[in-house]
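The sequence shown runs 357 to 550 under the numbering used here.
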Amino acid sequence: MQGLKTWLAGRWVAAAGFMAAALLAILPLLHASYALPLVLLFLHSPGYMVHQVEEHTGDRFRRFVNQRIFGGRDALSVTAVLVINLPVVWGLNLAALYAAFLWGAGFGLVAPYAMLLNGITHIAAALRFRGYNPGLATSVVVFLPLSLATIVAIGPVGIGFHLAALGLAVVLHGLIIADVLLRLRRNAAQGLTP
357 MQGLKTWLAG RWVAAAGFMA AALLAILPLL HASYALPLVL LFLHSPGYMV HQVEEHTGDR
417 FRRFVNQRIF GGRDALSVTA VLVINLPVVW GLNLAALYAA FLWGAGFGLV APYAMLLNGI
477 THIAAALRFR GYNPGLATSV VVFLPLSLAT IVAIGPVGIG FHLAALGLAV VLHGLIIADV
537 LLRLRRNAAQ GLTP
């Protein structure tokens, strides 16, 4: 299992870049065939993949979090980065797209709210640390406009859809933070802190 994790950790970011390009290449076909909200929801996957290339090339984000935010402690693990970005982020965007396609655009709102919250988090970190953090550029250039455009395009589907989607996005980000804090606590209990 360790060998698979090492293999995947060394390749997933490059794969994300190629996958983003491939997904963007089919955009004109989708735009010609589907309503704008579905096309915008589709764009969340390649948008996130481009963001992940900026954020995770050379393990930059994990190192930034561990060094700048947690003072050199091993808070964010390679495993957590893989789980958060591959099954959770990619899975969430795919599930939101299918939910919107099958049941209506309001069911896909979790994708833009999660993207918006992620983008705001990067901007808040830039303000807090008074400088660049890995993922900031795509948060400003891709995440904010795409997530807001998608929310507007989906429109007034009912406040319940918006609140549920925002709530789920907050819960997902909260679970990531809880995992990091739990890892810090386990490391401290095992005497693994610097």
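Think of the CB as a built atom: it goes at the ideal place given N, C-alpha and C, for glycine as much as any other residue.
Would you call residue 404 buried or exposed, if buried means 16 or more other Cβ atoms sit within 10 Å of its Cβ? One-based indexing of the sequence shown puts residue 404 at position 48. Residue 404 is buried by the Cβ-count criterion.
Other residues of its chain near residue 365: CB distance less than 7 Å, five sequence neighbours each side excluded: Indexing the sequence shown from 1 puts residue 365 at position 9. For residue 365, where only same-chain residues beyond five positions count, the Cβ hits under 7 Å are 434, 438.
Distance, residue 369 Cα to residue 413 Cα: The residue you call residue 413 lines up with position 57 of the sequence shown. The residue you call residue 369 lines up with position 13 of the sequence shown. One C-alpha to the other measures close to 6 Å.
Secondary structure of residue 357, DSSP reduced to three states: The residue given as residue 357 occupies position 1 in the sequence shown. If DSSP states are grouped into helix, strand and coil, residue 357 belongs with coil.
Taking the alpha helix (DSSP H) that residue 499 belongs to, which residues open and close that run? The count along the sequence shown starts at 1 and reaches residue 499 at position 143. Counting along the chain, residue 499 falls outside any alpha helix (DSSP H), and DSSP gives it neither H nor E.
Given this structure, state the Cα-to-Cα distance separating residue 372 from residue 406, to the nearest angstrom. If you number the sequence shown from 1, residue 372 lands on position 16. If you number the sequence shown from 1, residue 406 lands on position 50. One C-alpha to the other measures close to 7 Å.
CB-CB under 7 Å to residue 443, same chain, minus the five flanking residues each way: which ones, in chain order? As a working mapping, residue 443 is identified with position 87 in the sequence shown. Excluding residues within five positions, none has a Cβ falling inside 7 Å.
Secondary structure of residue 408, DSSP reduced to three states: Here residue 408 refers to the residue found at position 52 of the sequence shown. Residue 408 falls in the helix class under three-state DSSP.
Buried or exposed for residue 469, going by 16 or more other Cβ atoms inside 10 Å? As a working note, residue 469 is residue 113 in the sequence shown. Buried, since its Cβ has 16 or more Cβ neighbours within 10 Å.
Does the Cβ-Cβ distance between residue 436 and residue 449 come in under 8 Å? Translated into the one-based positions of the sequence shown, residue 436 becomes position 80. Translated into the one-based positions of the sequence shown, residue 449 becomes position 93. For residue 436 and residue 449, no; Cβs fall outside 8 Å.
Outcome for residue 519 when other beta-carbon atoms lying within 10 angstroms are tallied against a minimum of 16: Position 163 of the sequence shown, counted from the start, is the residue given in the question as residue 519. Residue 519 comes out exposed.
I believe residue 493 touches residue 410 by the beta-carbon criterion, under 8 Å. Please report the beta-carbon distance rounded to the nearest angstrom. Residue mapping note: residue 493 aligns to position 137 of the sequence shown, counting from 1. Residue mapping note: residue 410 aligns to position 54 of the sequence shown, counting from 1. The C-beta separation of residue 493 from residue 410 comes to about 6 Å, placing the pair in contact by the 8 Å criterion.
What's the C-alpha gap between residue 382 and residue 471? One-based indexing of the sequence shown puts residue 382 at position 26. One-based indexing of the sequence shown puts residue 471 at position 115. The alpha-carbon separation between residue 382 and residue 471 amounts to approximately 22 Å.
Below 8 Å, how does it come out for the segment 420 to 432 and the segment 536 to 546: are there three or more Cβ pairs, yes or no? yes
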